[in-house]
Amino acid sequence: MKYLFVKVFMVLFLTSLAIKLNLCFSSIPLSLRTVVLDGHLSFVDNEFAAKDFGNQYRYSPLAVLHPKSVSDISTITKHIWQMGPNSELKIAARGRGHSLHGQSQANRGIVISMESLGRQKMQFHIGSTCYVDVSGGALWINILHESLKYGLTPKSWTDYLHLSVGGTLSNAGISGQAFRHGPQINNVHQLEVVTGKGEVVNCSESQNTDLFHGVLGGLGQFGVITRARISLQPAPHMVKWIRVLYSDFSTFSKDQEYLISAEKTFDYIEGLIIKNKENIMNDWRSNFTPQDSVRASQFRSDGKLLFCLELAKNFNTEERDLTNKEIQRLLSQLSYISFTLFTTEVSYVEFLDRVHTSELKLQSKGLWEVPHPWLNLFIPKSKINKFAEEAFGNLLKDTNNGPILVYPVNKSKWNNKTSLVLPDEDLIYLVAFLSHAVPLSNGSDSLDHILKRNKQILDFCETAHLGVKQYLPHYNRQEDWMHHFGPKWEVFAKRKSTYDPLALLAPGQRIFRNVLVNMGHSIE
Numbered sequence: 063m064k065y066l067f068v069k070v071f072m073v074l075f076l077t078s079l080a081i082k083l084n085l086c087f088s089s090i091p092l093s094l095r096t097v098v099l100d101g102h103l104s105f106v107d108n109e110f111a112a113k114d115f116g117n118q119y120r121y122s123p124l125a126v127l128h129p130k131s132v133s134d135i136s137t138i139t140k141h142i143w144q145m146g147p148n149s150e151l152k153i154a155a156r157g158r159g160h161s162l163h164g165q166s167q168a169n170r171g172i173v174i175s176m177e178s179l180g181r182q183k184m185q186f187h188i189g190s191t192c193y194v195d196v197s198g199g200a201l202w203i204n205i206l207h208e209s210l211k212y213g214l215t216p217k218s219w220t221d222y223l224h225l226s227v228g229g230t231l232s233n234a235g236i237s238g239q240a241f242r243h244g245p246q247i248n249n250v251h252q253l254e255v256v257t258g259k260g261e262v263v264n265c266s267e268s269q270n271t272d273l274f275h276g277v278l279g280g281l282g283q284f285g286v287i288t289r290a291r292i293s294l295q296p297a298p299h300m301v302k303w304i305r306v307l308y309s310d311f312s313t314f315s316k317d318q319e320y321l322i323s324a325e326k327t328f329d330y331i332e333g334l335i336i337k338n339k340e341n342i343m344n345d346w347r348s349n350f351t352p353q354d355s356v357r358a359s360q361f362r363s364d365g366k367l368l369f370c371l372e373l374a375k376n377f378n379t380e381e382r383d384l385t386n387k388e389i390q391r392l393l394s395q396l397s398y399i400s401f402t403l404f405t406t407e408v409s410y411v412e413f414l415d416r417v418h419t420s421e422l423k424l425q426s427k428g429l430w431e432v433p434h435p436w437l438n439l440f441i442p443k444s445k446i447n448k449f450a451e452e453a454f455g456n457l458l459k460d461t462n463n464g465p466i467l468v469y470p471v472n473k474s475k476w477n478n479k480t481s482l483v484l485p486d487e488d489l490i491y492l493v494a495f496l497s498h499a500v501p502l503s504n505g506s507d508s509l510d511h512i513l514k515r516n517k518q519i520l521d522f523c524e525t526a527h528l529g530v531k532q533y534l535p536h537y538n539r540q541e542d543w544m545h546h547f548g549p550k551w552e553v554f555a556k557r558k559s560t561y562d563p564l565a566l567l568a569p570g571q572r573i574f575r576n577v578l579v580n581m582g583h584s585i586e
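Note that this note's numbering numbers the sequence shown so that position 273 is 335, with each residue one more than the last.
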């Protein structure tokens, strides 16, 4: 009887599996199932490609491409391109899936798992100009470790390093080094790109320049980045990491602007908003040492709006004394609350990979794979005080659900030929609301509440005419995208019609929805 039950169960299981597979394969074009690749297409167990870090959208692909070569990506793209405008298949490149609104997803389309390509060997060039050639699927954390073997490092970073090269270069790649080196898209010598026609194209400032500029910050609209040549510089051994507090935003922003304009300054400059957060000083003590331990222990942060200036100075061990003197000179020019100075020394790797340490803590608490309704804004310097007064003073209730960053960058360090859109002033601020929502909550930490707050902030920016531009932008209507790009829209749309005229690539951006693109207008 026992064996009969097992036999019946196995028959039912295999029958249901066969039905599932038949339903799956019946919707797959025969030509797609027979295409010859170095890697492979997977048509089942692709749930990972139907979600992203934002955890707000979930679209299942028809298949996932696991490429072993650039030729695989070209072959699949060219195959779908040749199927013509009547095919509804779209293509999305996915690195670590760190997009926020489904940008790395392709509903009933093809997702390219760029991590498979990321295993290709990095090629270093050591000389008067140092660089490394890496796969578009390579992670920045791995580039860091490999570069350090040669005593080198990339110049510009994001705050979180477990991201793919293709992903950050399709947006910008910004962190506290951007005031000096510009974003990551400013520190690339050359790209290899697979266009929406399946063509493999090398491009740079001197070769296929239009495509090069278009792809950088181009939101994946013109091609899949399969290789990049990243600029390198000598790497330091250590970092002096500093935090100080301000109670006044105007003084805080003035000091930030002074530091990014000084000839000899810190190597990393960012700011944080702190509101109604308890025991902030005690939290810092686990990693930092206070200069005035007694007064710092007596400081109460709950119920207050505070502004944290976070600084870092790179150095080698033999330069410690000289570095400390330089830091003291710079700090003496600032107007922070005197007893809130906290410092520590860490390795260069430890500093750059600091957010991963926080990630592991959040994972242990079940707070990593939750919705992340982030809002990132570029704000003109002339409007930052007005923005701060309303957004931080009135709309923001606390900062207990994720950090809020605010720091200035000088636009003269950024290449204005790329697809990235910035406000029309030389000095701009990045303000990043990096919130996480608590599932099933109905309070201020719920997804609905945070989304409503984000909308209130955007509505204020619009009605107050602040000239704000979104970073990692998200819109559902093409007219909103046209407004976002402004004078750049015509060039952006023309590039789309040139390099991806069937609008196959990056459908999750929702910029060009229909099948044909002609001179910047989607048509049926």
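Every residue gets a Cβ at the ideal spot worked out from N, C-alpha and C, and that includes glycine.
For residue i, I'd like the list of residues in its chain whose CB is within less than 8 Å of its CB, leaving aside the five on either flank, ordered along the chain.
i      : result
Lys473 : Leu484, Glu487, Asp488, Leu489, Ile490
Ile90  : Phe105, Leu124, Ala125
Who are the Cβ neighbours of residue i in its own chain at under 7 Å, not counting the five residues just before and after it?
i      : result
Asp507 : Asn463, Ala499, Val500
Val262 : Val132, Ser136, Glu254, Val256
Ile446 : Ser315, Tyr491
Phe186 : Val194, Tyr212
Asp562 : Thr257, Gly258, Gln283, Phe284
Relative to the C-alpha of residue i, which residue among the options is closest?
i      : options                        : result
Ala568 : Asp510, Asn338, Ile172, His187 : Ile172
Ile174 : Arg158, Lys514, Tyr398         : Arg158
Thr385 : Gln185, Thr327, Gly101         : Thr327
Tyr398 : Arg382, Ile304, Val408         : Ile304
Val408 : Pro442, Ser481, Arg391, His299 : His299
Leu278 : Asp510, Ala555, Thr480, Asn169 : Thr480
Asp354 : Ser400, Thr379, Ala374, Arg170 : Ser400
Asn478 : Phe115, Gly213, Pro245         : Pro245
Gly228 : Leu214, Gln239, Leu201         : Leu201
Tyr222 : Arg120, Ala450, Glu267, His160 : His160
Cys146 : Lys183, Ile573, Ser323, Leu566 : Rather than Cys, the amino acid found at residue 146 in this sequence is Gly. Among Lys183, Ile573, Ser323, Leu566, the Cα nearest to that of Gly146 is on Leu566.
Ser348 : Ile236, Arg539, Ser420         : Ser420
Tyr533 : His163, Phe377, Ala450, Arg120 : His163
Glu372 : Trp346, Ser503, Asn249, Ser149 : Trp346
Which word fits residue i, buried or exposed, when buried means at least 16 other C-beta atoms lie within 10 angstroms of its C-beta?
i      : result
Arg362 : exposed
Arg289 : buried
Ile292 : buried
Arg515 : buried
Ser190 : exposed
Pro435 : buried
Thr96  : exposed
Gln571 : buried
Glu332 : buried
Gln269 : exposed
Gln165 : buried
Ser232 : buried
Got a sec, what are the start and stop residues for the alpha helix (DSSP H) residue i sits in?
i      : result
Ser178 : 176-179
Gln390 : 382-393
Thr271 : 271-277
Tyr561 : 551-561
Trp202 : 202-210
Arg515 : 509-525
Asp317 : 311-323
What do you reckon, is the C-beta of residue i under 8 Å from a heavy atom of the ligand FAD?
i      : result
Lys556 : Looking at this structure, you won't find the ligand FAD or any other ligand, since it has none at all.
Tell me, please, which residues DSSP counts as bridged to residue i.
i      : result
Glu254 : Asn264, Arg289
Thr215 : Gln295
Ser104 : Val126
Asn472 : Leu489
Ser409 : Met300
Leu467 : Leu334, Ala494
Phe361 : Answer by DSSP bridge pairing: none, since Phe361 is not bridged.
Ile590 : Nothing about residue 590 can be reported from this structure: the residues present for the chain run from 63 to 586 only.
Go to residue i, then tell me how far its beta strand (DSSP E) extends in each direction, as first and last residue.
i      : result
Leu368 : 367-377
Met300 : 300-308
Tyr330 : 330-337
Leu439 : 437-442
Ile153 : 153-156
His187 : 185-187
Val533 : Note on residue identity: the sequence assigns Tyr, not Val, to residue 533. Element bounds for Tyr533: 531-533.
Excluding the 5 residues flanking residue i on each side, which residues of the same chain have their C-beta closer than 6 Å to its C-beta?
i      : result
Val126 : Ser104, Asn108, Ala111, Val173, Ser175
Gln118 : Pro433
Leu367 : Lys337
Gln295 : Lys217
Thr402 : Val306, Leu307
Leu396 : Asp317
Asp460 : Lys337, Asn338
Gln40  : Because the chain in this structure spans residues 63 to 586, residue 40 falls outside the shown range and cannot be described.
Asn84  : Model confidence at Asn84 stands at a pLDDT of 48, short of 50, so the residue's coordinates are unreliable and nothing is read from them.
Leu496 : Trp436, Gly464, Pro465
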